[in-house]
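Peer 1: Structure provided below as structure tokens; questions to follow.
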Amino acid sequence: MTPLAVTAFTATSAVGSGNDAHAQALASGRGGLRRNDFTSHELQTWIGRVEGIEALRLPTQLAGCDCRNNRLAWQGLQQDGFRDAVRRSIARHGATRVALVLGTSTSSIGATEEAYARLGADGQFPADMRRPEIHTPHSLGHFVAQALGIAGPCVTVATACSSSAKVFAQAERLIRLGLVDAAVVGGVDTLCGSALFGFNSLELISREPCRPFDQARSGISLGEAAGYVLLERSGDAQAWFVGHGESSDAYHMSSPHPQGLGARLALQDALARAAIAPGDIQYINLHGTASQKNDEVEAALIAEIFPPEVAASSTKGWTGHTLGAAGIIEAVICLLSMRHALRPGTLNTTSLDAHCGPQIRIHTEHSPVSTALTQSFGFGGNNCVLVFASSARA
Amino acid sequence: MTAQLSASVAGLGFWSPALPSWPIARDVLLGSAAPPAAPPARVAARLLAPTERRRASDTIAVALEVAASACEMAKMDPRSLPSIFASTHGDLPINDYMCSTLASTPLLCSPTKFHNSVHNAASGYWTIGTGCVKQSTALTAWTYTFANGLLEALVQAVADDTPVLFVAYDVAARGPLVAISPSAGLLAAALILDPRRRAQDLRPRLSCRIEGEPQIGAPPPVPPQWADILPDNAMRQCLPLFCALARSADSTLLLGLSTGCRLAVAVKGAAAAGHDE
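Chains as they are written, first to last, in this note's numbering: chain L, 137 to 530; chain G, 19 to 295.
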């Protein structure tokens with residue numbers, strides 16, 4: 137495919153707000169997980185909770201959209217000059233020539249949960265929660281479009297944990313076909329009861345900080361995050377988006393295909409669109425949730441397809457699994473790996489599973505990266521792989 | 019630059035209790051048939067194995083029903099089609115269940131209800147049920163959901179020069195959500211969009227472009243043949259296009275994509291809609 141310029145990007149997660157906080161945390165091995173202090177019912181697990189969201193206030197004109205997810209979306213927009221970059225892009229192309237394509241898994245369902253916990257005697261939502269705009273799954277796109285003044289197509293993609301990876305593919309097609317000149321892509325997901333107790337019901341939650349690809353891993357740690365990338369046909373590129381691949385497992389709603397069929401198809405599609413070979417990649421950010429099944433299948437796939445010198449890791453030990461925001465956060469980590477010549481390792485992991493090949497690294501390495509790839513897999517067997525490069529020709 | 023996207027309508031699906039198939043819906047609109055006297059109580063969901071059918075919600079059942087019907091009409095193998103699933107609200111009864119359970123007994127949350135609560139549940143069941151490994155997505159844009167789903171379907175079809183399946187659906191709200199996210203009954207519709215032209219292509223053709231202006235005024239009124247018997251469902255957004263496809267006259271629809279822009283949809287050659295070539 138014709139590469140697209142990444143003209144701005146940013147990430148906010150439990151390790152901090154903005155790109156520098158992420159680069160420093162990755163380089164130093166400082167993780168963001170803490171004991172669960174989020175749920176009112178006790179749940180023994182560790183979470184990646186973003187500091188300061190409770191105290192954050194939205195501007196008056198956006199106050200109708202107030203809820204944890206939109207506050208985190210707003211916090212993310214303030215970092216790394218992202219809003220200014222979008223403002224310049226709108227000035228250059230026109231507000232209707234910029235699209236907004238955001239991913240989320242649970243959007244602001246946390247607000248709906250809160251309303252149900254405080255139902256009135258009449259069985260209805262309390263007055264302060266009777267705001268339909270925060271109880272729709274499009275709450276995120278609706279809010280960010282207003283916050284950024286984007287007037288082009290505005291859509292929220294919700295394919296569980298692949299959501300904010302698939303937004304890159306959707307935006308690339310819109311730009312390729314000349315429907316828009318730029319797109320803000322990204323994703324936001326916040327901690328909520330649905331995710332914490334839902335994953336708990338599937339027995340996928342770890343009681344300790346998650347240890348991706350460890351032979352003694354015991355499940356996932358959930359987190360929350362917001363991230364954005366500005367994609368343009370051309371411009372002052374900080375990096376390039378060069379390939380995407382999408383597929384379905386056609387196997388099971390909440391368990392990966394045992395031979396990684398869908399993951400393999402998405403990976404092959406992404407490499408083909410980027411016109412590169414597996415050995416051209418220096419760093420792979422894996423889905424690596426620390427669930428038994430995901431890590432086993434993903435490790436075997438990486439061992440089979442990539443040469444040993446390619447470094448691969450899961451960064452979920454730093455951020456937790458941020459669900460619908462995982463795609464964008466890990467895309468930004470790929471961009472930071474190129475900017476800082478950094479190949480992140482796998483935090484909390486001490487002894488790799490037998491399925492892991494030499495590609496999967498525990499320790500962070502300081503070594504140049506010119507091409508990076510990230511994998512995201514969601515419920516429903518929904519897979520997406522993205523490739524980024526430091527130059528337009530990977 | 020005003021890029022235009024074009025595709026032929028190779029198949030249609032439609033389901034609501036009063037109009038439980040596209041041929042019935044079309045004939046009722048055209049006045050050539052009366053609505054069925056005894057509407058079906060439930061969607062058949064013939065694609066699902068009996069155990070899955072018991073676990074599948076109305077959302078999944080109705081989406082899969084129209085998807086399967088559209089593939090049959092198009093005589094296309096579902097495994098060959100990328101798919102786009104669009105729903106304004108997602109599964110409101112599951113949201114009601116999850117939020118009620120979380121407010122009282124969070125540790126008793128049902129794992130099946132949880133994994134069916136994802137917005138892409140229908141997409142997942144469809145790809146699993148048909149064995150389709152092509153890409154599948156699920157999206158929402160609230161009151162602009164149908165137009166954004168149609169746009170993404172056309173974009174995928176044209177960008178990769180492949181027929182695609184587009185499914186749009188909503189179900190009934192339940193509990194306190196009735197007052198907040200209104201949607202009644204079941205309504206689902208599906209299109210197979212094929213960008214490739216055939217020799218002597220008799221299939222209706224859609225040509226769309228984005229216009230940088232907001233949608234002006236209310237959408238065209240839905241004729242009483244449909245309006246009087248279809249539920250007040252959030253996916254009524256789809257009805258203007260399906261009316262145009264049922265009728266023989268060429269027409270242009272303006273569907274809002276966001277507060278700032280709209281999709282202009284030209285429908286050509288609708289005479290052939292629903293008829294064998």
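We put the CB at the ideal spot given by N, CA and C, even for glycine.
Can you give me the start and stop residues for the alpha helix (DSSP H) that G/Asn134 sits inside?
Peer 2: Here the alpha helix (DSSP H) through G/Asn134 covers Pro129 to Asn134.
Peer 1: What residues match up with L/Cys520 in a beta bridge as DSSP calls it?
Peer 2: L/Glu382 and L/Ser512
Peer 1: In chain B, what lies closer than 8 angstroms to L/Ala287 by C-beta?
Peer 2: Of the protein chains in this structure, namely L and G, none is chain B.
Peer 1: Shorter than 8 angstroms from the beta carbon of G/Cys256 to some beta carbon of chain L?
Peer 2: no
Peer 1: Can you tell me whether L/Ser527 is helix, strand or coil according to DSSP?
Peer 2: coil
Peer 1: Rank L/Ser506, L/Gln374, L/Cys297 and L/Ala436 by C-alpha distance to the C-alpha of L/Asp489 and give the top, closest one.
Peer 2: For L/Asp489, the closest C-alpha among the options L/Ser506, L/Gln374, L/Cys297 and L/Ala436 is that of L/Ala436.
Peer 1: Going along the chain, which residues of its own chain have a beta-carbon closer than 6 angstroms to the beta-carbon of L/Arg254, five neighbours each way excluded?
Peer 2: Pro262
Peer 1: With a threshold of 6 angstroms on Cβ separation, who are the neighbours of L/Cys470 within its own chain once the five nearest residues in sequence on each side are excluded?
Peer 2: Asn421, Ala508, Thr510 and Phe524
Peer 1: Could you name the residues of chain L that G/Val176 contacts, counting a contact when the two beta carbons are closer than 9 angstroms?
Peer 2: Within chain L, the residues near G/Val176 are Arg309 and Leu313.
Peer 1: At 3 residues or longer, what runs of the beta strand (DSSP E) sit wholly inside the segment 335-400 of chain L?
Peer 2: 361-368 and 375-384
Peer 1: By the DSSP assignment, the beta strand (DSSP E) with G/Ser154 in it spans what residues?
Peer 2: Ser154 to Thr158
Peer 1: Which term fits L/Arg343, buried or exposed, when burial requires 16 or more other beta carbons within 10 angstroms of its beta carbon?
Peer 2: exposed
Peer 1: Look at the alpha carbon of G/Ala28 and the alpha carbon of G/Ser87, and state the distance between them as a whole number of angstroms.
Peer 2: Their backbone Cα atoms lie some 11 angstroms apart in a straight line.
Peer 1: Express the C-alpha separation of G/Ala43 and G/Tyr187 in angstroms, rounding to a whole number.
Peer 2: 16 angstroms
Peer 1: Please report whether the beta-carbon of L/Met474 lies at a distance below 8 angstroms from any beta-carbon of chain G.
Peer 2: no
Peer 1: Going by beta carbon distance, what residues of the same chain come within less than 7 angstroms of L/Ala307, once the five residues before and after it are set aside?
Peer 2: Closer than 7 angstroms at the Cβ level, and outside the excluded window around L/Ala307, lie Ala235, Val237, Ala319, Val321 and Leu367.
Peer 1: Using the beta-carbon of each residue, which ones in chain G are nearer than 9 angstroms to L/Val280?
Peer 2: Within 9 angstroms Cβ-Cβ: nothing; L/Val280 doesn't reach chain G, min ~11 angstroms.
Peer 1: Pairs of beta-carbons, one from the segment 112-119 of chain G and one from the segment 175-183 of chain G, closer than 8 angstroms: are there three or more?
Peer 2: no
Peer 1: Can you list, in chain order, the residues of its chain with a C-beta nearer than 6 angstroms to that of L/Met137? Leave out the 5 residues immediately preceding and following it.
Peer 2: Arg409
Peer 1: To which residues of the same chain is L/Trp454 closer than 7 angstroms at the C-beta, ignoring the five residues directly before and after it?
Peer 2: Val151, Ala161, Leu162, Gly167, Gly168 and Leu483
Peer 1: To the nearest angstrom, how far is it from the Cα of L/Val446 to the Cα of L/Asp202?
Peer 2: Approximately 43 angstroms between the Cα atoms of the pair.
Peer 1: Let me make sure I understand the geometry here. Which of L/Ser357, L/Glu249, L/Leu478 and L/Asn519 has the alpha-carbon closest to that of G/Ser122?
Peer 2: L/Glu249
Peer 1: Just verifying my parser: in three-state terms, what is the DSSP assignment at G/Ala290?
Peer 2: Reliability fails at G/Ala290, whose pLDDT of 48 lies under 50, so the model's placement of it is uncertain and no value is given.
Peer 1: At 4 residues or longer, what runs of the alpha helix (DSSP H) sit wholly inside the segment 228-270 of chain L?
Peer 2: 245-253
Peer 1: Which residues in chain G sit within 8 angstroms of L/Ile226, going by Cβ to Cβ distance?
Peer 2: In chain order: nothing, as chain G lies at least about 11 angstroms away.
Peer 1: Locate the beta strand (DSSP E) running through L/Gly463, then write down its first and last residues.
Peer 2: Not the beta strand (DSSP E): L/Gly463 falls in the alpha helix (DSSP H), residues Ala462 to Arg475.
Peer 1: My guess is that L/Pro273 and L/Ala294 are in contact by the Cβ rule of under 8 angstroms, so how many angstroms apart are they, rounded?
Peer 2: About 6 angstroms separates the CB atoms of L/Pro273 and L/Ala294; that is less than 8 angstroms, so the two are in contact.
Peer 1: Roughly how many whole angstroms lie between the Cα atoms of L/Leu284 and L/Gln214?
Peer 2: 11 angstroms
Peer 1: Give me the Cα-Cα distance between L/Tyr364 and L/Asp220, rounded to the nearest whole angstrom.
Peer 2: 13 angstroms
Peer 1: What does the alpha-carbon distance come out to for the pair L/Pro289 and L/Thr143?
Peer 2: 20 angstroms
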